[in-house]
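First comes the structure, then the notes that go with it.
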Amino acid sequence: MGKTKTENIPADVYIQFVRSLFDNAHMILIGAVCYWILGFMMYMRTDNPVFIAFSFLLLFVNIFRYLGIRSFHKAGGTIADVEEARRWERHYIFRGSLQGLGLGALCFVSIYIYPDPYAELAAMSLTLGSLVTVVGRNYGSTRMVVFLSMAVIGPASLALLLRLDLPSVALGLMIFPMTFIIIGSADHVRDVLFSAVIGHKEARKLALRFDRALNTMSHGLIMLGPEGKVVVANAEAAHLVSLESPDALLGRSIHSLLLRGVAGGMLAPKDCRYIEAQLTRALREGRDRKVLVPFSNGQHYEFSAREGDQELGVITFEDVTARVEAEEKIRTMARYDSLTGLANRAYFHELVGEAMAAGDRERLCGVAIIDLDDFKSVNDTLGHPVGDGLIYAVAERLAAFAAEGIRISRFGGDEFILFFDRVEDESHLAALLDRVFAGLQGEVDVAGHALRIQASGGAVISRVAGTDVDEMIVKADLALYKAKELGKNGWRLFEAAMDAAFRNKQLMKADLRAAVDAKALRVVYQPIVALDTMRIASCEALCRWDHPDLGPVSPAVFIPLAEEMGIIADISTFVLEAACTECAKWPSHTSVSVNLSANDFRSRSVVQKVRDVLAASGLEPRRLEIEVTETALLDDKSATRELLEEIRALGVRIALDDFGTGYSSLSYLHKLPLDKIKIDRSFLIDVTRNARSLELLKGIVNLSRPLGLSVTVEGVETFEQLKILARQVEPDLVQGFLFGAALSASGIETMSSMTWPFQSQIKALGAATARS
Numbered sequence: 008m009g010k011t012k013t014e015n016i017p018a019d020v021y022i023q024f025v026r027s028l029f030d031n032a033h034m035i036l037i038g039a040v041c042y043w044i045l046g047f048m049m050y051m052r053t054d055n056p057v058f059i060a061f062s063f064l065l066l067f068v069n070i071f072r073y074l075g076i077r078s079f080h081k082a083g084g085t086i087a088d089v090e091e092a093r094r095w096e097r098h099y100i101f102r103g104s105l106q107g108l109g110l111g112a113l114c115f116v117s118i119y120i121y122p123d124p125y126a127e128l129a130a131m132s133l134t135l136g137s138l139v140t141v142v143g144r145n146y147g148s149t150r151m152v153v154f155l156s157m158a159v160i161g162p163a164s165l166a167l168l169l170r171l172d173l174p175s176v177a178l179g180l181m182i183f184p185m186t187f188i189i190i191g192s193a194d195h196v197r198d199v200l201f202s203a204v205i206g207h208k209e210a211r212k213l214a215l216r217f218d219r220a221l222n223t224m225s226h227g228l229i230m231l232g233p234e235g236k237v238v239v240a241n242a243e244a245a246h247l248v249s250l251e252s253p254d255a256l257l258g259r260s261i262h263s264l265l266l267r268g269v270a271g272g273m274l275a276p277k278d279c280r281y282i283e284a285q286l287t288r289a290l291r292e293g294r295d296r297k298v299l300v301p302f303s304n305g306q307h308y309e310f311s312a313r314e315g316d317q318e319l320g321v322i323t324f325e326d327v328t329a330r331v332e333a334e335e336k337i338r339t340m341a342r343y344d345s346l347t348g349l350a351n352r353a354y355f356h357e358l359v360g361e362a363m364a365a366g367d368r369e370r371l372c373g374v375a376i377i378d379l380d381d382f383k384s385v386n387d388t389l390g391h392p393v394g395d396g397l398i399y400a401v402a403e404r405l406a407a408f409a410a411e412g413i414r415i416s417r418f419g420g421d422e423f424i425l426f427f428d429r430v431e432d433e434s435h436l437a438a439l440l441d442r443v444f445a446g447l448q449g450e451v452d453v454a455g456h457a458l459r460i461q462a463s464g465g466a467v468i469s470r471v472a473g474t475d476v477d478e479m480i481v482k483a484d485l486a487l488y489k490a491k492e493l494g495k496n497g498w499r500l501f502e503a504a505m506d507a508a509f510r511n512k513q514l515m516k517a518d519l520r521a522a523v524d525a526k527a528l529r530v531v532y533q534p535i536v537a538l539d540t541m542r543i544a545s546c547e548a549l550c551r552w553d554h555p556d557l558g559p560v561s562p563a564v565f566i567p568l569a570e571e572m573g574i575i576a577d578i579s580t581f582v583l584e585a586a587c588t589e590c591a592k593w594p595s596h597t598s599v600s601v602n603l604s605a606n607d608f609r610s611r612s613v614v615q616k617v618r619d620v621l622a623a624s625g626l627e628p629r630r631l632e633i634e635v636t637e638t639a640l641l642d643d644k645s646a647t648r649e650l651l652e653e654i655r656a657l658g659v660r661i662a663l664d665d666f667g668t669g670y671s672s673l674s675y676l677h678k679l680p681l682d683k684i685k686i687d688r689s690f691l692i693d694v695t696r697n698a699r700s701l702e703l704l705k706g707i708v709n710l711s712r713p714l715g716l717s718v719t720v721e722g723v724e725t726f727e728q729l730k731i732l733a734r735q736v737e738p739d740l741v742q743g744f745l746f747g748a749a750l751s752a753s754g755i756e757t758m759s760s761m762t763w764p765f766q767s768q769i770k771a772l773g774a775a776t777a778r779s
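Numbering (the working numbering), first residue to last: 8 to 779.
Here it is, written out as structure tokens:
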């Protein structure tokens with residue numbers, strides 16, 4: 008076949024084809040290193056010396072092949088006639104064939120002689136990686152393409168067939184036709200290049216195809232000549248500047264095109280100057296530069312400039328309005344409370360921290376915490392929807408007081424916090440708070456219920472230089488507790504006498520330290536249920552503390568204490584050891600999820616900790632999932648990412664917990680080594696009646712799936728919520744009190760093989776949706 012092809016093309020074309028075989032010699036060395044590394048990894052994984060032998064064999068064969076190519080260049084790198092071209096082609100085929108035979112033999116050995124999952128994967132990866140280069144590198148020799156394809160794919164296909172099991176045989180039969188695809192592709196490349204050399208008509212057709220593609224692409228494109236004038240443009244570019252055809256753009260400069268946007272009211276003059284400066288600079292420096300430009304009609308375009316070939320500059324642009332709007336929704340979701348629209352806890356900390364860091368450090372500022380009185384009774388008697396309505400009404404009244412120097416946040420539940428910058432003195436702060444509380448007074452109508460707003464508050468005033476946000480919040484919280492003790496429906500200013508509360512806190516810290524040292528804590532497990540089967544797929548390990556005098560202490564109380572004391576890592580270790588030990592006793596389809604704190608990721612020992620616990624418990628790494636919150640990422644993102652990557656390399660899965668409650672960034676989703684995100688329960692609270700919440704949930708799931716992330720929705724408390732999740736959101740897993748309270752380890756072991764009764768209803772719902 009190769010001889011016939013050679014005889015049918017002109018001698019000069021054949022010589023150039025053979026000449027192309029000896030280009031890019033350095034790629035052979037790169038391949039040699041790759042072969043040796045993967046062969047060594049196969050040996051490390053299997054302890055089979057045959058693989059280390061193959062690693063050195065392939066290394067030496069590739070070096071031998073590289074030396075052959077170098078000998079061609081040392082001989083002058085030119086070919087005088089067809090006979091010399093044939094000699095060099097035979098020389099190239101001989102050395103390349105050795106590589107193909109070695110790689111094919113490695114596939115056969117790793118699949119059939121000494122089968123091992125990692126060795127099979129590595130060998131097939133090498134094979135596929137090598138096959139990628141066959142067409143592009145060896146199209147100049149049809150015989151080389153045929154032999155390499157058969158030598159590489161044939162042994163792998165044969166090894167699969169010899170296994171004699173149906174899946175392997177089917178796979179073996181399926182991959183063998185790849186040889187014909189590769190051969191056909193190489194022939195196609197040869198034909199295209201041949202046609203390009205001798206066919207002016209074909210070249211003209213290609214130019215027409217390029218023009219058609221240029222004018223049907225969704226991106227706008229213009230190319231500038233050395234004088235800065237447009238020499239090529241497409242239809243989308245003409246449409247943006249309101250011209251009838253791309254030809255009307257030819258000969259124009261960037262400046263004149265942007266002025267048309269200003270004249271049409273689409274661009275502001277300052278934007279015009281900024282865009283021109285950025286694009287011109289990018290073209291001059293030869294670097295890619297992107298400029299995001301908002302248009303007056305609400306659209307956003309992203310302009311990209313880069314230097315092209317032959318002194319041509321290329322400018323492209325695309326309509327990124329949908330992307331900008333989606334990112335803005337995510338930013339809003341990460342910064343603001345979904346129910347009230349007020350800043351959430353993390354964003355409030357950021358804003359107040361920035362405000363306190365600026366300006367006169369000797370000025371006074373104030374913090375006030377407002378908490379609704381007896382709010383729990385509203386939820387218990389009238390339901391959570393009415394309670395949410397009351398929260399929303401209070402937020403509206405508080406938002407009316409927002410002004411320069413006053414920031415308002417919903418911290419969660421029925422708790423709000425206000426920051427007052429540049430307070431003159433205590434009387435000034437008192438006057439401000441009296442106005443706030445007066446504005447809260449009165450009744451509101453929520454779903455037909457007349458509810459009277461009654462709230463308590465605590466406040467503190469402090470000099471900026473002598474305090475921080477967290478300290479002020481603690482003191483304001485103490486004042487709030489005092490206000491509630493004194494009868495509620497009022498506010499109190501922090502006083503020195505309230506320090507007794509701090510002493511009580513210190514006593515609790517001492518008790519907690521003793522409990523941790525004595526391992527008097529216990530671990531319970533909250534089920535995480537697969538939505539498609541309604542069976543426990545995993546569970547979240549939760550720490551509990553039963554105080555000898557106070558009884559059960561909420562994790563919301565003792566976990567922050569542990570973080571303050573610096574013993575949170577000890578609690579993490581305790582929970583991790585207990586969870587892995589118990590999970591190893593459960594059925595193999597059940598895994599366990601453990602939270603690690605920000606403090607755990609401040610030390611590289613966290614990786615060794617996970618490795619040691621897995622080894623001691625005998626738990627398969629794939630059955631352990633580490634949950635990390637955004638707070639663990641804020642201190643040092645790069646260091647935390649490295650640690651997560653090392654943990655993930657152990658085979659452990661990584662989940663981002665409480666997504667959406669902090670200052671979430673889309674960069675987390677594609678820069679961090681994540682397997683899953685867990686959507687915070689706050690997005691589910693009003694999903695049955697708030698279309699915005701539902702769209703946000705669907706948006707997060709739709710953003711996560713293409714990135715290969717699974718999704719867990721937390722806080723499922725009602726069957727109505729479950730129905731909406733199953734029908735419209737379709738997360739992978741759900742978690743919440745609908746599936747019961749946290750269980751003991753034995754309870755999880757018992758329940759892991761059971762199916763929740765919701766399964767039949769979910770199936771019925773799916774059938775009804777399909778019929779509709």
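Ideal Cβ positions, reconstructed from N, Cα and C, are used throughout, including at glycine.
Item: Can you look up H262 in the DSSP assignment and give me helix, strand or coil?; Value: helix
Item: Identify which residue in I578, A490, A18 has its Cα closest to the Cα of K526.; Value: I578
Item: Could you check whether the stretch 275-285 touches the stretch 250-257, counting it as contact only if at least three pairs of C-beta atoms, one from each stretch, sit closer than 8 angstroms?; Value: no
Item: Keeping to the same chain, check which residues put their C-beta closer than 8 angstroms to that of T776; ignore five residues upstream and five downstream.; Value: Because T776 sits at a pLDDT of 46, beneath the cut-off of 50, its placement in the model cannot be relied upon, and the point is left open.
Item: Between H456, R330, W43, which lies nearest to T388 when the distance is taken from Cα to Cα?; Value: H456
Item: Could you tell me the boundaries of the beta strand (DSSP E) in which K81 lies?; Value: Note, K81: premise wrong, no beta strand (DSSP E); alpha helix (DSSP H) at 56-81.
Item: Between the alpha carbons of V7 and G754, how many angstroms are there, rounded?; Value: As shown, the chain starts at 8 and ends at 779. That puts residue 7 outside it, with no answer to give.
Item: Return the CA-CA distance between A333 and L714, expressed in angstroms with no decimal places.; Value: 16 angstroms
Item: Measuring alpha carbon to alpha carbon, tell me which residue in V89, R77, L178, L651 is nearest F24.; Value: V89
Item: Using C-beta distances below 6 angstroms, list every residue in its chain close to R342, excluding the 5 sequence neighbours before and after it, in chain order.; Value: Y354
Item: Quick one: any contact between the stretch 717-730 and the stretch 438-456, if contact means 3 or more CB pairs under 8 angstroms?; Value: no
Item: Quick one: is L165 near chain B, going by C-beta distance under 8 angstroms?; Value: In summary, chain B is missing from the structure at hand, where a single protein chain is found.
Item: Cutting at 8 angstroms between CB atoms, please list the residues of its own chain near F784, excluding the five before and the five after it.; Value: With the chain covering only 8 through 779, there is no way to say anything about residue 784.
Item: Could you tell me the alpha carbon to alpha carbon distance between M181 and S164, rounded to whole angstroms?; Value: 8 angstroms
Item: With a CB to CB cut of under 6 angstroms and the five nearest residues on each side skipped, what residues in its chain are close to L676?; Value: L714
Item: Whose CA, out of S192, P184, A112, lies closest to the CA of T140?; Value: S192
Item: What did DSSP end up calling M761 once you bin it into helix, strand or coil?; Value: coil
Item: Would you be able to state if there are at least three C-beta pairs under 8 angstroms between the stretch 468-475 and the stretch 407-426?; Value: no
Item: Unbroken alpha helix (DSSP H) runs of length 4 or more, entirely within the stretch 494-572: which are they?; Value: 506-524, 562-572
Item: With DSSP as the reference, label Q448 as helix, strand or coil.; Value: coil
Item: Hey, how far is the Cα of E492 from the Cα of V385?; Value: 20 angstroms
Item: So if DSSP puts F726 in a beta bridge, which residue, or which two residues, is it bridged to?; Value: Answer is none; F726 lacks a bridge partner.
Item: Can you tell me whether I44 is helix, strand or coil according to DSSP?; Value: helix
Item: Could you tell me which residues DSSP pairs with D326 in its beta bridges?; Value: Y308
Item: Please state whether DSSP places P301 in a helix, a strand or coil.; Value: strand
Item: Taking the straight line between their C-alpha atoms, what separation do you get for F423 and P392?; Value: 19 angstroms
Item: Have a look at D54 and G46 and give me their C-alpha separation to the nearest angstrom.; Value: 11 angstroms
Item: Going by beta carbon distance, what residues of the same chain come within less than 8 angstroms of S759, once the five residues before and after it are set aside?; Value: R542, I543, W593, P594, H596, T597
Item: Thinking C-beta only, is D665 closer than 8 angstroms to T636?; Value: yes
Item: CB-CB under 6 angstroms to D607, same chain, minus the five flanking residues each way: which ones, in chain order?; Value: A576, S579, V613
Item: Within 10 Å of its beta-carbon, does I22 have 16 or more other beta-carbons around it, so buried, or fewer, so exposed?; Value: buried
Item: Residues in its own chain within less than 6 angstroms of A774 by CB, not counting five upstream and five downstream?; Value: With a pLDDT of 46 at A774, under the threshold of 50, the modelled position of that residue is not reliable, and the figure given next carries that caveat. Here the set comprises nothing.
Item: Applying the criterion that 16 or more other CB atoms from any shown protein chain within 10 Å of the CB defines a buried residue, is F744 buried or exposed?; Value: exposed
Item: Can you tell me whether L257 is helix, strand or coil according to DSSP?; Value: coil
Item: Within 10 angstroms of its Cβ, does G366 collect 16 or more other Cβ (buried), or is it exposed?; Value: exposed
Item: Rounded to whole angstroms, what is the Cα-Cα separation between A438 and S463?; Value: 16 angstroms
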